[in-house]
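With full-length UniProt numbering, letter number 398 in the sequence shown gets 398, and the count goes up by one each step, no holes. Positions of the beta carbon are idealized from the N, C-alpha and C atoms, including for glycine. Data block below; observations after.
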Amino acid sequence: MGSLGKDAAAAAERVVLAVNSARHEAAGVDPSTTLLEFLRTRTPVRGPKLGCGEGGCGACVVLISKYDPATDEVTEFSASSCLTLVGSLNHCSVTTSEGIGNTRDGYHPVQQRLAGFHASQCGFCTPGMCMSIFSSLVKADKPGTTTAGDHAPPPGFSKLTCAEAEHAVSGNLCRCTGYRPILDACKSFAADVDLEDLGLNSFWKKGTDRADVGKLPEYSSGSVCTFPEFLKSEIKGQMNDVPAAIAGEDGWYHPRSIQELHSLFDSNWFDENSVKIVASNTGAGVYKDQDLYDKYIDIKGIAELSVIDRNSKGLEIGAAVSISKAIEVFSDGTPVFRKIASHLSKVASPFVRNTATVGGNVIMAQRLQFPSDIATVLLAAGSTVTIQTASKMLCLTLDEFLEQPPCDAKTILLSIFVPDWGSDNVIFETSRVAPRPFGNAVSYVNSAFLARTSGDGASGELIIEDICLAFGAYGVDHTTRARKVEEFLKGQSVSAPVILEAVRLLKDTIMPSEGTTHPEYRVSLAVSFLFSFLSSLGNNQIEPAKAIAPNGSCANGSMNGQVASEDLQIRSRQELVFNDEYKPVGKPITKSGAELQASGEAVYVDDIPAPKDCIYGAFIYSTHPHAHIKGVNFRPSLASEKVIGVITAKDIPAGGKNVGAGINMLGTEALFGDPVSEFAGQNIGI
Numbered sequence: 001m002g003s004l005g006k007d008a009a010a011a012a013e014r015v016v017l018a019v020n021s022a023r024h025e026a027a028g029v030d031p032s033t034t035l036l037e038f039l040r041t042r043t044p045v046r047g048p049k050l051g052c053g054e055g056g057c058g059a060c061v062v063l064i065s066k067y068d069p070a071t072d073e074v075t076e077f078s079a080s081s082c083l084t085l086v087g088s089l090n091h092c093s094v095t096t097s098e099g100i101g102n103t104r105d106g107y108h109p110v111q112q113r114l115a116g117f118h119a120s121q122c123g124f125c126t127p128g129m130c131m132s133i134f135s136s137l138v139k140a141d142k143p144g145t146t147t148a149g150d151h152a153p154p155p156g157f158s159k160l161t162c163a164e165a166e167h168a169v170s171g172n173l174c175r176c177t178g179y180r181p182i183l184d185a186c187k188s189f190a191a192d193v194d195l196e197d198l199g200l201n202s203f204w205k206k207g208t209d210r211a212d213v214g215k216l217p218e219y220s221s222g223s224v225c226t227f228p229e230f231l232k233s234e235i236k237g238q239m240n241d242v243p244a245a246i247a248g249e250d251g252w253y254h255p256r257s258i259q260e261l262h263s264l265f266d267s268n269w270f271d272e273n274s275v276k277i278v279a280s281n282t283g284a285g286v287y288k289d290q291d292l293y294d295k296y297i298d299i300k301g302i303a304e305l306s307v308i309d310r311n312s313k314g315l316e317i318g319a320a321v322s323i324s325k326a327i328e329v330f331s332d333g334t335p336v337f338r339k340i341a342s343h344l345s346k347v348a349s350p351f352v353r354n355t356a357t358v359g360g361n362v363i364m365a366q367r368l369q370f371p372s373d374i375a376t377v378l379l380a381a382g383s384t385v386t387i388q389t390a391s392k393m394l395c396l397t398l399d400e401f402l403e404q405p406p407c408d409a410k411t412i413l414l415s416i417f418v419p420d421w422g423s424d425n426v427i428f429e430t431s432r433v434a435p436r437p438f439g440n441a442v443s444y445v446n447s448a449f450l451a452r453t454s455g456d457g458a459s460g461e462l463i464i465e466d467i468c469l470a471f472g473a474y475g476v477d478h479t480t481r482a483r484k485v486e487e488f489l490k491g492q493s494v495s496a497p498v499i500l501e502a503v504r505l506l507k508d509t510i511m512p513s514e515g516t517t518h519p520e521y522r523v524s525l526a527v528s529f530l531f532s533f534l535s536s537l538g539n540n541q542i543e544p545a546k547a548i549a550p551n552g553s554c555a556n557g558s559m560n561g562q563v564a565s566e567d568l569q570i571r572s573r574q575e576l577v578f579n580d581e582y583k584p585v586g587k588p589i590t591k592s593g594a595e596l597q598a599s600g601e602a603v604y605v606d607d608i609p610a611p612k613d614c615i616y617g618a619f620i621y622s623t624h625p626h627a628h629i630k631g632v633n634f635r636p637s638l639a640s641e642k643v644i645g646v647i648t649a650k651d652i653p654a655g656g657k658n659v660g661a662g663i664n665m666l667g668t669e670a671l672f673g674d675p676v677s678e679f680a681g682q683n684i685g686i
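Dropping the structure here:
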């Protein structure tokens with residue numbers, strides 16, 4: 001290879017990305033490095049914070065932008081930087097809270113309004129809130145999108161609706177401020193908001209001054225560059241280059257076809273214990289990587305896995321299509337498709353759905369017994385899957401696929417096909433109950449029911465011709481069908497005795513496995529879902545099509561349109577009586593430093609740089625009470641790379657005492673358990 005070829009190959013191996021429009025190279029980083037870790041250790045950025053590390057709190061949210069030189073279009077979406085691996089972001093642009101506004105360049109209206117509506121207290125979560133709102137504004141104000149009624153928004157507002165503004169932060173958790181002022185700041189951008197409904201703020205005096213958008217920090221779309229020109233030029237400059245090898249020295253492999261993927265599988269270095277196949281890595285938020293991977297195969301660039309094909313028979317979605325994209329596609333379809341989209345919008349958080357894939361969710365359900373809502377809903381809709389094994393391609397029903405033994409690492413889910421049921425005499429309902437109706441909350445129980453019905457012209461009774469009853473997340477390995485109940489209901493007319501017998505059969509069918517928490521509660525939920533569904537059929541005997549209303553899904557525990565699940569149902573009112581005697585105490589004055597918190601420039605303990613060659617410590621906890629401590633052993637992967645040494649009670653210098661805390665009334669507490677642990681969870685070493 002000539003020097004030019006070597007330079008091109010070396011450039012291809014480097015991950016180049018823009019962070020707040022500044023060029024960065026992720027050279028020499030560990031293959032498992034997350035974007036959050038890269039930002040906080042290799043750049044000046046400190047806005048994204050490490051909260052849960054699971055994609056569930058939103059403290060680490062950033063905006064990721066990708067450029068397609070063929071269409072000259074930029075695609076932006078929010079993402080959890082704690083889960084996104086930097087090795088998958090070559091030629092991407094990352095925007096953080098510092099990138100949209102700061103003390104040097106001026107604050108963005110999102111940051112100013114969060115401060116003015118008193119939406120920041122400790123401020124740790126505020127940069128993530130800021131980026132969730134900003135990404136929603138970018139999406140809503142993208143050219144080509146319009147508000148309801150096809151009218152441009154009034155000056156100072158965005159194309160967001162109040163409902164969309166509320167959902168913008170549905171995945172962001174706040175432990176101290178409270179959501180009312182945060183939602184007020186969100187809704188201040190909405191085109192359909194009544195400003196008089198917003199709470200106390202520092203822009204106008206509640207009750208005396210007239211609420212006016214002109215008093216709010218001015219907002220105009222497109223004021224922030226999310227994808228710099230230099231990166232566009234760099235991408236365009238490589239369009240005509242010979243494609244680089246699918247493997248690089250950075251530990252990342254980027255196959256562009258299924259054939260190339262299988263060639264990697266056939267390589268002598270492939271070992272499923274040290275190689276991880278990823279499309280978005282959001283599964284790491286559920287199943288922590290217990291072992292350290294030294295190689296990653298990124299399948300997001302395989303065209304066959306990103307197909308979206310709609311025809312008269314149904315809709316085929318590639319396994320690497322994101323959940324957010326699937327929601328968008330399903331929303332523009334038949335009532336059954338729209339119901340699927342409605343339920344999927346309750347799965348995970350917006351910034352997780354933007355990167356998590358439909359296929360990845362189904363694979364976790366099949367391989368790792370993940371309590372998946374998506375698998376339940378797609379199973380009831382009669383979906384089939386296409387999988388590629390080492391020797392052949394198979395087409396299976398989703399039910400058959402889930403019941404198979406866990407597939408190995410070389411089995412690839414290619415696509416999922418959902419048939420088009422139309423709307424005549426088809427009734428489809430979905431249900432879920434979770435700790436929270438939105439955000440990162442796994443269901444206690446989820447269900448999806450599809451029935452084909454006909455009417456008896458003579459009696460007017462509704463006859464169930466065919467039915468599928470799918471239940472998941474109730475303490476079994478995967479989503480299952482209540483086949484005994486289905487067989488009983490086929491051909492039956494809907495009546496009270498039939499419903500009661502179906503409920504009795506279901507109680508004998510839904511049996512959570514031993515060790516499942518709250519088993520009786522989960523069974524009662526499943527029974528209530530079925531009872532409500534069958535009751536709705538009985539109440540719509542003459543016109544069953546009415547039961548397919550797209551807003552009838554029970555994604556938050558209610559059914560049949562009783563509560564619009566797309567509405568967060570957050571309503572509050574704030575009334576305060578001010579007394580001039582203690583003026584200015586009690587006045588809604590903007591907190592000093594709130595804008596600093598929103599921009600991510602406020603300095604927290606973890607933002608202080610560690611000294612050179614800093615060594616980190618972590619406590620080692622006993623897993624058993626009253627157990628004799630023989631020693632501490634580590635996995636070989638940790639022992640060889642991560643662990644420098646272990647400190648136990650034996651290392652306390654002569655004359656020192658094994659005291660961790662001293663409380664006058666309770667006496668002293670040992671720093672280390674020695675030689676016997678007093679309780680499970682006691683420190684036995686560092």
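6 Å CB neighbourhood of residue i in its chain, flanking five on each side removed
i: residue 390; result: 410
i: residue 221; result: 141
i: residue 760; result: Because the chain in this structure spans residues 1 to 686, residue 760 falls outside the shown range and cannot be described.
i: residue 318; result: 305, 306, 307, 415
Among the options, the one whose alpha carbon lies nearest that of residue i
i: residue 17; options: 462, 306, 601, 91; result: 91
i: residue 321; options: 256, 415, 509; result: 415
i: residue 441; options: 55, 49, 37; result: 55
i: residue 586; options: 202, 111, 361; result: 202
i: residue 452; options: 439, 140, 494; result: 494
i: residue 217; options: 158, 269, 232, 466; result: 158
i: residue 151; options: 31, 210, 57, 192; result: 192
i: residue 593; options: 35, 95, 123, 33; result: 123
i: residue 107; options: 66, 656, 180, 595; result: 595
i: residue 412; options: 431, 430, 392; result: 392
Assigned secondary structure, residue i (DSSP; H/G/I helix, E/B strand, else coil)
i: residue 376; result: helix
i: residue 111; result: helix
i: residue 481; result: strand
i: residue 445; result: strand
i: residue 507; result: helix
i: residue 438; result: coil
i: residue 468; result: strand
i: residue 725; result: Lying outside 1 to 686, the shown extent of the chain, residue 725 is not represented and no answer is given.
i: residue 20; result: coil
i: residue 292; result: coil
i: residue 117; result: coil
i: residue 667; result: strand
i: residue 429; result: strand
i: residue 167; result: helix
i: residue 419; result: strand
i: residue 340; result: helix
i: residue 451; result: strand
i: residue 130; result: helix
Own chain partners of residue i with C-beta closer than 7 Å, once the 5 adjacent residues on each side are dropped
i: residue 484; result: 505, 509
i: residue 628; result: 675, 676
i: residue 5; result: Any reading at residue 5 needs caution, since the residue's pLDDT is 43, under 50, leaving its predicted position unreliable; the model's value is listed next. Excluding residues within five positions, none has a Cβ falling inside 7 Å.
i: residue 215; result: 203, 204
i: residue 671; result: 658, 659, 660, 683
Contacting residues, own chain, Cβ-Cβ under 8 Å from residue i (five flanking each side not counted)
i: residue 225; result: 21
* To do: Would you check if there are 3 or more beta carbon pairs closer than 8 Å linking the stretch 395-411 to the stretch 306-317?
  => no
* Asked: At a cut of 8 Å, does the stretch 267-285 reach the stretch 417-424 through at least three beta carbon pairs?
  -> Short answer: they don't touch.
* To do: Would you be able to state if there are at least three C-beta pairs under 8 Å between the stretch 57-67 and the stretch 125-137?
  => With a cut-off of 8 Å, the stretch 57-67 and the stretch 125-137 count as touching, because enough Cβ pairs lie within range.
* **Sufficient close CB pairs (3 or more, under 8 Å) joining the stretch 279-293 to the stretch 374-382** => no
* Using 8 Å as the threshold, is the stretch 354-370 in touch with the stretch 424-440, meaning 3 or more CB pairs across them? -> In short, these stretches do not touch, since the Cβ pair count stays below three.
* Contact between the stretch 451-468 and the stretch 364-371 (3+ Cβ pairs under 8 Å) -> no
* To do: Identify every run of the alpha helix (DSSP H) within the stretch 592-619, keeping only runs that are complete inside it and at least 4 residues long; order them along the chain.
  => 594-599
* **Segments assigned beta strand (DSSP E), at least 3 residues, entirely inside the stretch 25-99** => Given a length threshold of 3 residues, each whole run of the beta strand (DSSP E) inside the stretch 25-99 is given here in chain order: 61-68, 73-80, 92-95.
* Using 8 Å as the Cβ pair cut-off and three pairs as the minimum, do the stretch 20-35 and the stretch 133-144 touch? -> no
* **Inter-stretch contact (C-beta, 8 Å, three-pair minimum) for the stretch 257-267 and the stretch 182-201** => no
* Is the number of C-beta pairs between the stretch 463-476 and the stretch 78-91 that are closer than 8 Å three or more? -> no
* To do: Mind listing, in chain order, the continuous alpha helix (DSSP H) runs of no fewer than 4 residues lying wholly within the stretch 313-362?
  => 323-331, 335-344, 350-353
* To do: Go through the stretch 197-276 residue by residue and report every complete run of the alpha helix (DSSP H) that reaches 4 residues or more, in order.
  => 229-237, 258-265
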